[in-house]
Every structure is written in structure tokens, then in C-alpha cells.
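Accompanying notes for the structure given below.
Residue numbers (the working numbering), protein chains in the order written: chain A, 6 to 117; chain B, 14 to 124.
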């Protein structure tokens, strides 16, 4: 069973730039969720994708957007990066419903 | 919105001691989850609870789903150095799309 994989592991960007983070879901999982984890905090829900459509969204502005592909992999795009966007971005997959999330090891984004 | 309150924020214990941490919410959840996060890694699922009153074990870990559905606790028996990390509780409602996380309990174990 292949777990959730994320790329890249680390990334440094400048304020105002755009970034794309990638995620491959665990085999057998059709739902992908993205979370932002600031230092010393718990993960905060950004959005969830199911059947290639956004299935729900947390309290994040529209410059955070995503995609899900037919193979259930996903991308998180962030436009007009701000310093406060510096965080660990976690991708998690599940088989939907109330099944638990399984996380990747995240992408550490630093915005300077 | 829904929030989960975890306590304590951090714990410093001796190897071999038992540990107890808990999580409360002002809202009802149908599923309670406990995760552990090590430095540089994503959270790893420890225990999933699906029924009010349910008590589930995973090795030295035991977790319970509170009967009010507004709380859960996690116990670790006979702690060892590799138990060090951040423990998160999380809640989810059936048909919902959002798993909500607490702020975590940081566990330090002294050998």
C-alpha cells in the first residue's frame, strides 16, 4: 500500500509570487484534503476535493485554490504569496465519509 | 465555528510513567481521532473512535469517545522515549467534509 506523498519537501518563495504544491493520495483513497499548519499550531482545514471538485472549504481566501485529477492526485495553488503563508502544508487522503485522514509529510513553505 | 480544546498544552514526564490527555468541544462529533506528529513529519493516525462510550486500545495507547460526544481522552501507559511528540485530537461529523484539529499536547519523556 502506497502512502500519501507530497512534493516538494521544502520551498522558499518571495512575497507576491505564486506556488504549486503536489500530492499523490494513498492507493484506494478518492478524497484529498489540504491543511495549513503554522508553527506550534494544529492543522487548519483549507479545502477538500472529491471527484475532481471542491467538496468543502475552510476560512481561506480565494487566492488558495486547488485541483484534483482523475487519478485522485491533487495540487494546491497559492497566488500573491504573503509572509503569513509561511507554514507546513499537509495533504491528506481518505476514502470519504467519516473515514480518517491519512497524511503525507508535508511541504514546508517559507515566504520571504 | 467548531473548536477543540486540548489539555494539557505540554507534559514533562519520566520514562515508565502513565500519561493522560484530553480534548473537549462545545459541539458534538460522530467520530473522534487521535494523531501523533513527530518533527518534520505529518500526523500519523493512532486511534479512531466511532461510537459514544467506545473504548479502544492500540498497544500501550487507550482512547475513549465521551458519552456526551463532546469529549475524548487518550492514555499512554508505561511511557518510553519514543513517545515524545505532539498528540492531536480531531473531530469529524458523518457527511461532513472537515476534520477539525486541536492545538496539540506536546509530550516530553525523560529517560
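Virtual Cβ for every residue (Gly too), placed ideally from N, Cα, C.
Please read these numbers as outputs of a predicted model, since none were measured by experiment.
Out of the options, which has the shortest C-alpha to C-alpha gap to residue i?
i, options, result
"residue 111(B)", "39(A), 13(A), 43(A) and 69(A)", "39(A)"
"residue 79(A)", "61(A), 94(A), 57(A) and 63(A)", "57(A)"
"residue 27(B)", "89(B), 52(B) and 115(B)", "89(B)"
"residue 77(B)", "103(B), 116(B) and 122(B)", "103(B)"
"residue 85(A)", "20(A), 16(A), 59(A) and 13(A)", "20(A)"
Under three-state DSSP, which class holds residue i?
i, result
"residue 70(A)", "strand"
"residue 51(B)", "coil"
"residue 44(A)", "coil"
"residue 89(A)", "helix"
"residue 95(B)", "helix"
"residue 100(B)", "strand"
"residue 31(B)", "coil"
"residue 67(B)", "coil"
"residue 79(A)", "strand"
"residue 76(B)", "strand"
"residue 17(A)", "strand"
"residue 123(B)", "strand"
Can the beta-carbon of residue i be found less than 8 Å from the beta-carbon of residue j?
i, j, result
"residue 55(B)", "residue 110(A)", "yes"
"residue 101(B)", "residue 8(A)", "no"
"residue 32(A)", "residue 10(A)", "no"
"residue 113(B)", "residue 15(B)", "yes"
By Cβ distance, which residues of its chain are closer than 6 Å to residue i, with the 5 residues on each side in sequence left out?
i, result
"residue 44(B)", "63 and 105"
"residue 82(A)", "25 and 70"
Please tell me whether residue i has its Cβ less than 8 Å away from any Cβ of chain C.
i, result
"residue 61(B)", "Of the protein chains in this structure, namely A and B, none is chain C."
Can you find the residues in the same chain that come closer than 7 Å, C-beta to C-beta, to residue i, ignoring five residues on each side of it along the sequence?
i, result
"residue 92(A)", "41, 42, 43 and 114"
- Message: With three or more C-beta pairs closer than 8 Å as the rule, is the region 64-79 of chain A touching the region 64-75 of chain B?
- Response: Taking 8 Å as the limit for Cβ pairs, the verdict is that the region 64-79 of chain A does not touch the region 64-75 of chain B.
- Task: Say whether the region 82-90 of chain B touches the region 23-40 of chain B, bearing in mind that this needs 3 or more beta-carbon pairs closer than 8 Å, one atom from each stretch.
- Result: A contact exists between the region 82-90 of chain B and the region 23-40 of chain B.
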